[in-house]
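Here the structure comes first, spelled out in structure tokens, and everything after it is commentary.
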Amino acid sequence: MENEKLKIFDKDRNQVGVATREEVHRVGHWHEAFHCWFISREEEVDYIYLQLRSDLKKDYPNLLDITAAGHLLAHETVHDGIREIKEEIGIDVSVNELVPLGIIDYCVIKENFIDKEIANVFLYESNNAFDEFTLQKEEVSGIVRAEFDDFNELWLGEKEEIRIKGFEINKDGEKILIDKFVGRNKFVPHENSFYESVIQLIKEKIKDIKLL
Numbered sequence: 291m292e293n294e295k296l297k298i299f300d301k302d303r304n305q306v307g308v309a310t311r312e313e314v315h316r317v318g319h320w321h322e323a324f325h326c327w328f329i330s331r332e333e334e335v336d337y338i339y340l341q342l343r344s345d346l347k348k349d350y351p352n353l354l355d356i357t358a359a360g361h362l363l364a365h366e367t368v369h370d371g372i373r374e375i376k377e378e379i380g381i382d383v384s385v386n387e388l389v390p391l392g393i394i395d396y397c398v399i400k401e402n403f404i405d406k407e408i409a410n411v412f413l414y415e416s417n418n419a420f421d422e423f424t425l426q427k428e429e430v431s432g433i434v435r436a437e438f439d440d441f442n443e444l445w446l447g448e449k450e451e452i453r454i455k456g457f458e459i460n461k462d463g464e465k466i467l468i469d470k471f472v473g474r475n476k477f478v479p480h481e482n483s484f485y486e487s488v489i490q491l492i493k494e495k496i497k498d499i500k501l502l
């Protein structure tokens, strides 16, 4: 995986070459990613879905993150990123079912790791039951959802914790139900501005689309 080739860009999103994933994160090249957030509506309540990253992950294990996401390889277009949804969480989604939210540039820096992503962000209106999710154990160990308004208030600093419900697969392959409260420290440490941007884009689309 570290030898996968990714397109790299300057700060103005102009492609300047190709590099391995290892070099991209060591040097801090801007590179493309695909992000897809699942939402649903039940009894007039909007929900947002989150993946629980596998404890096998090198980066941010056991933290909550975007429903499905991944890097775009050098030969891929933005729409090719849809493969991440099927690979990670086992849900078939077609390109025309995705609602484009836009592009968000963001950067996460930690020791020996610089992640500068040009994130192509999409929304998917889901009517999938939890039993329909099939998880790629190397990448994802669980799927949960939270009320979207709670998620919003968490990242605006209006709440310290929110309730999540869903399931995870433990090391023995057993499905364990999740119903608990979590704070911001249980999420991948994207910048607050990233979460705020995503929330605002989703709020605008929720007004425009009829949720399932």
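Residue numbers for the sequence shown follow the working numbering, so the first one is 291 and each next one is one higher.
We put the CB at the ideal spot given by N, CA and C, even for glycine.
When DSSP assignments are scanned along the segment 309 to 351, no uninterrupted stretch of alpha helix (DSSP H) that is 4 or more residues long falls wholly within it. Sequence-distant Cβ neighbours of S344 in its own chain, meaning closer than 7 angstroms and more than five residues away, are P351, K427, E428, E429, V430 and S431.
With respect to V385, H369 sits close: the two C-beta atoms are nearer than 7 angstroms. With contacts defined by Cβ atoms closer than 7 angstroms, L296 and V314 form a contacting pair.
Cβ-Cβ distances below 6 angstroms link T424 to G380 in the same chain, with the five nearest sequence neighbours on each side left out; the list follows chain order.
DSSP places F423 outside both helix and strand once states are collapsed to three, so it counts as coil. Partner residues in a beta bridge of A364, as assigned by DSSP, do not exist.
A straight line joining the alpha-carbon of K465 with that of E458 spans about 6 angstroms. The segment 323 to 341 makes contact with the segment 355 to 374: 3 or more CB pairs, one atom from each, lie closer than 8 angstroms.
Within the same chain, and ignoring the five residues on either side of D336 in sequence, the residues whose Cβ sits closer than 8 angstroms to its Cβ are I329, S330, E437, F438, D439, I496 and L501. Following the DSSP letters along the chain, one finds N386 in no alpha helix (DSSP H), marked with neither H nor E.
G447 and L391 have their C-alpha atoms roughly 23 angstroms apart.
Distance from the CA atom of D462 to the CA atom of F477, rounded to whole angstroms, is 24 angstroms.
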